[in-house]
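First the structure, in the form of structure tokens, and then the observations on it.
Protein chains: 2
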Amino acid sequence: MKETILNLVEQGKYLDARKEIINQNVVDTALLFEEISQQKLLIVFRILPKDLAADVFTHMSSELQKYVIESITDEEAVSILDALFIDDAIDFLEEMPSNVVKRILRNTNEKTRAIINQFLNYPVDSAGSIMTIEYVDLKKEMTVKQAIQYIKKIGIDKETINTCYVINSNRILEGVISLRQLILSDESTIVKDIMDTDVISVNTHEDQEDAAYLFKKYDYYVIPVVDNEKRLVGIITVDDILDVIDKEATEDIHKMAAIQPSEKEYLRTSNWVLAKNRIPWLLILMISATLTGGIIERYEHALQSLMILTSFIPMIMDTGGNSGSQSSTLVIRGLALEELYPSDLLKVLWKELRVSAIVGITLSFVNFLRIYFLGKTDILVALTVSFTLFLTVILAKVVGGVLPMIAKKLKLDPAIMAGPLITTIIDAVALLIYFSTATWLLGI
Amino acid sequence: MKETILNLVEQGKYLDARKEIINQNVVDTALLFEEISQQKLLIVFRILPKDLAADVFTHMSSELQKYVIESITDEEAVSILDALFIDDAIDFLEEMPSNVVKRILRNTNEKTRAIINQFLNYPVDSAGSIMTIEYVDLKKEMTVKQAIQYIKKIGIDKETINTCYVINSNRILEGVISLRQLILSDESTIVKDIMDTDVISVNTHEDQEDAAYLFKKYDYYVIPVVDNEKRLVGIITVDDILDVIDKEATEDIHKMAAIQPSEKEYLRTSNWVLAKNRIPWLLILMISATLTGGIIERYEHALQSLMILTSFIPMIMDTGGNSGSQSSTLVIRGLALEELYPSDLLKVLWKELRVSAIVGITLSFVNFLRIYFLGKTDILVALTVSFTLFLTVILAKVVGGVLPMIAKKLKLDPAIMAGPLITTIIDAVALLIYFSTATWLLGI
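Structure (structure tokens):
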């Protein structure tokens with residue numbers, strides 16, 4: 338299919354291409370457009386039915402959207418915008434440079450402009466910023482028959498008609514009813530009598546992550562969005578939540594690797610921005626490592642008298658860092674998925690103490706076997722290293738488990754308390770344990 | 338609401354509690370049940386309407402499910418199972434110990450048993466294992482009126498009626514039509530003429546992650562599942578995909594922290610299992626660190642003659658590790674979200690080279706300032722450290738970016754090529770660079 342369309346466009350057979358495009362999925366068409374030369378793309382785009390063109394436009398990359406919008410007339414641009422669902426229009430406008438946004442807003446009618454401006458004012462990542470206003474609102478006094486007729490009349494332009502919301506005369510949200518219930522109910526039933534009054538909604542200013550949590554908890558496909566007066570102002574559909582879930586996970590993963598999160602795809606991000614996102618934490622952590630260096634300097638004489646001790650430093654540091662990362666990762670993810678709450682702090686502490694005891698004993702035992710029997714190291718040195726390892730693992734796991742919990746309690750982002758930061762903290766403590774043990778056991 | 342119900346149950350006013358429970362969301366009821374003493378819970382559970390009881394059962398924790406199922410009679414257990422959607426029944430059975438599964442299967446009728454056994458045989462994490470068989474299948478010759486009547490008749494027990502699939506006499510999937518289209522179409526239209534024939538489906542044996550990818554790409558709410566002969570056998574609904582997306586992200590996050598992933602919640606996992614999931618990688622990485630120790634041992638004399646060099650080892654190791662983790666994290670996540678493909682290997686290599694040059698210059702410059710001007714270190718030592726840092730950052734970022742790509746090319750899991758492993762590799766290389774530079778610049 339794809340090859341056919343590309344060939345047809347190549348040969349200038351645009352009307353044949355149009356026929357094929359109408360039959361295929363809009364997402365695939367949008368992907369295909371990325372491969373057509375820009376000149377020809379405009380021709381193809383212009384001969385598509387208006388609604389289809391708008392639909393394809395929604396799924397194009399923002400680079401291509403920008404090219405198209407800058408190449409077409411003002412009237413064409415406005416007609417595309419009018420055919421978009423409001424959430425898609427906002428997504429698109431947010432990616433455009435301000436001159437494009439201005440040009441479009443200048444040309445739209447006042448009502449659309451007001452709506453768009455209102456949306457652009459919702460906080461980033463708020464429920465309001467991802468909602469759409471194309472929903473079905475029923476009056477509670479309607480009969481099922483009236484409701485279905487109303488849906489038939491207005492439904493065509495709504496993002497979903499499967500879930501309908503019931504409002505009173507002040508637009509206050511009072512109930513919810515599914516198209517399924519309407520279809521399966523008797524025609525003369527009053528909507529009020531069969532609607533579900535236990536409606537779970539989000540406020541426009543709530544975080545999109547909280548909305549995502551409700552979708553996951555209640556297995557919803559749509560959630561209504563209300564303003565501070567509980568008036569229905571929009572809906573969020575689950576397809577947008579899929580993106581939210583991915584985005585939030587990506588954000589956490591990036592933070593856990595000491596990167597400032599960015600929403601842009603890796604290959605589409607400029608080298609300068611990538612570098613800028615990575616340097617701050619690397620600098621902070623590099624300078625913090627001065628502390629560790631200072632500890633080594635303090636014990637220089639001890640090290641000099643028994644140089645073999647130096648060679649175990651990387652192993653102790655790495656194992657401590659890895660042990661701590663494991664615990665902090667589990668806890669950070671648990672907090673993100675709301676499987677763990679700040680009030681579980683003591684439970685986590687107690688659990689990590691016991692788990693780390695098992696892990697610590699195992700690792701230090703294996704380590705002792707390896708360096709004493711295989712490495713032929715002096716027994717006191719082997720004991721020093723193994724004992725340090727044992728304490729380091731316990732400490733790393735406890736610190737790794739507890740710090741994200743404390744961060745959450747302090748309303749900080751737990752994801753910062755991940756591998757890199759934990760490693761830097763544990764490095765210093767591990768070396769202190771190491772040298773203290775060596776001084777004590779080896780008398781240096 | 339919650340407090341009221343708990344109070345009513347506490348006072349033995351079960352029928353009043355029942356009334357309240359019927360009015361509230363089943364998910365909330367399931368959460369509430371976790372707080373009721375087990376004796377009283379059974380009473381409450383038994384007086385609920387059968388369908389509601391099954392619905393609540395679906396949302397209970399597996400511990401509570403196990404308790405309930407072990408405490409009720411065989412008939413009651415079978416009647417709950419019959420009222421569950423097949424995907425929920427399978428989720429439940431997969432969590433139960435084998436004696437419970439056997440007991441239930443022994444008591445169900447032959448047909449249900451056959452279906453359940455078939456489901457339990459689908460590979461873990463396959464599309465088949467998360468699908469449900471409660472879908473609406475229309476015949477393509479039906480009129481819209483007949484289709485709607487058919488849906489009214491059979492729809493009540495279907496997980497979704499919003500999307501209906503059209504099959505031929507051999508049950509081969511031929512099209513899809515939404516309830517919305519049916520409602521908005523003329524009653525005498527033939528389904529075949531308005532159905533969409535461009536149906537995207539998954540095979541029962543495909544990975545659930547691939548299914549999730551289709552949901553995200555096409556913004557679907559439901560996707561049909563077909564067998565090898567393209568016969569419709571089930572559907573996957575988007576609410577199950579939300580869990581898949583979370584689960585896959587969690588799995589990657591755990592692997593990236595060198596933990597064997599587990600599906601169970603942190604606090605519900607036993608200490609032994611948690612330890613078992615963490616020890617293998619810690620052991621592997623600990624033993625790999627021997628290499629780093631060996632390198633230090635080899636250069637013991639050089640170190641002894643200039644002990645100050647030792648104190649920079651942790652900083653160089655940590656910065657190298659962190660730099661590598663950043664790149665590997667970005668690339669692993671990019672691969673997981675299908676923003677990056679194995680064929681982008683050279684693009685990633687080239688990008689990381691340029692980004693790492695920027696990062697490397699910045700870090701080594703700041704480091705030079707710090708240790709030469711603030712730390713009053715000898716200029717040649719400062720140069721050695723800074724030069725090592727520069728090369729290490731570049732190398733770490735290139736290795737960190739490229740290894741996950743290569744893993745993907747080799748059909749290995751890229752998530753393994755994350756921080757911990759990269760750190761261990763970079764540690765060794767960084768030390769080699771360090772000592773070689775020191776030998777060359779300082780003549781030791």
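One line per chain: the protein sequences are S and U, in this order. Under the working numbering, think of the first position of the first sequence as 338, with each following residue one higher. Under the working numbering, think of the first position of the second sequence as 338, with each following residue one higher. From the three backbone atoms N, C-alpha and C, an ideal C-beta is built for every residue, glycine too.
| Check | Outcome |
| --- | --- |
| Should M644/U be flagged as near chain S, meaning a C-beta pair shorter than 7 Å? | yes |
| I'd like the list of long-range same chain contacts for G785/U, defined as Cβ closer than 6 Å, with 5 residues on each side in sequence excluded. | Absent from the structure is residue 785/U, since the part of chain U shown begins at 338 and ends at 781. |
| List, in chain order, every chain U residue whose beta-carbon is nearer than 7 Å to that of T666/S. | I590, H591, A594, I596 |
| Identify whether G780/S lies in helix, strand or coil by the three-state DSSP scheme. | coil |
| Might you give, ordered along the chain, the residues of its own chain that have their beta carbon closer than 6 Å to the beta carbon of V581/U, omitting 5 neighbours on each side? | Q545, A549 |
| With 16 as the cutoff for other CB atoms within 10 Å, does S680/U come out buried or exposed? | exposed |
| Secondary structure at G512/S, three-state DSSP: helix, strand or coil? | strand |
| Among K387/S, V703/S, H396/S, Y678/S, whose alpha-carbon lies nearest the alpha-carbon of E371/S? | H396/S |
| At a Cβ cut of 9 Å, what residues of the stretch 544–562 of chain U count as close to chain S, listed as they run along the chain? | A549, F552, K553, K554, Y555, D556, Y557, Y558 |
| Quick one: is I491/U buried, meaning 16 or more other Cβ sit within 10 Å of its Cβ, or exposed? | exposed |
| Measure the beta-carbon distance from M468/U to I572/U and round it to whole angstroms, keeping in mind my assumption that it falls under 8 Å. | 6 Å |
| Span of the alpha helix (DSSP H) holding Y487/U? | 481–491 |
| Tell me the residue span of the alpha helix (DSSP H) that contains Y550/U. | 545–555 |
| Give every residue of the same chain whose Cβ lies closer than 8 Å to the Cβ of I384/U, excluding the five residues on either side of it in the sequence, and list them in chain order. | Y351, L352, R355 |
| What's the gap between the Cα of V437/U and the Cα of E471/U? | 25 Å |
| If contacts are defined as beta-carbon pairs under 8 Å, then L717/S and L779/S qualify, I think. What distance do you get, rounded to the angstrom? | 5 Å |
| Taking the DSSP output, what are the residues bridged to I573/U? | I560/U |
| In chain U, what lies closer than 7 Å to D681/S by C-beta? | L604 |
| Return the CA-CA distance between M593/U and E588/S, expressed in angstroms with no decimal places. | 15 Å |
| Taking buried to mean at least 16 other C-beta atoms within 10 Å of its own C-beta, is A390/U buried or exposed? | buried |
| For Y709/S, collect the residues of the same chain with a Cβ closer than 7 Å to its Cβ; drop the 5 residues on either side in sequence, then sort them by chain order. | I716, A719 |
| Comparing C-alpha positions only, which one of N614/U, Y558/U, V739/U sits nearest to K688/U? | V739/U |
| Rounded to whole angstroms, how far is the Cβ of S701/U from the Cβ of L726/U, which I believe are closer than 8 Å? | 4 Å |
| For the candidate residues I485/S, K489/S, E340/S, whose alpha-carbon lies nearest to that of Q518/S? | I485/S |
| Quick check: is the beta carbon of A586/S nearer than 7 Å to any beta carbon in chain U? | yes |
| Considering T647/U, what are the terminal residues of the beta strand (DSSP E) in which it resides? | Neither: T647/U is in no beta strand (DSSP E) and is coded neither H nor E. |
| What first and last residue would you give for the alpha helix (DSSP H) that runs through I504/S? | Segment 500–504 is the beta strand (DSSP E) holding I504/S; no alpha helix (DSSP H) there. |
| Could you give the distance in angstroms between the alpha-carbon of I743/U and the alpha-carbon of L749/U? | 8 Å |
| Label D419/U either buried or exposed according to how many other C-beta atoms from any shown protein chain fall within 10 Å of its C-beta, with 16 as the threshold for buried. | exposed |
| Identify, in the order they occur along the chain, each residue of the same chain with its Cβ nearer than 6 Å to the Cβ of E585/U, setting aside the five sequence neighbours on each side. | E546 |
| 7 Å is my cut-off, CB to CB: does A612/S come that close to chain U? | yes |
| In the structure shown, what three-state DSSP assignment does I470/U receive? | coil |
| Could you tell me how far apart the beta carbons of K554/U and V364/S are, in whole angstroms, since I believe they sit closer than 8 Å? | 6 Å |
| What are the start and end residues of the alpha helix (DSSP H) that includes E413/S? | 411–420 |
| Does any CB atom of chain U fall closer than 7 Å to the CB of M623/S? | yes |
| I want to see whether chain S comes within less than 7 Å of S773/U, judged by CB atoms only; does it? | no |
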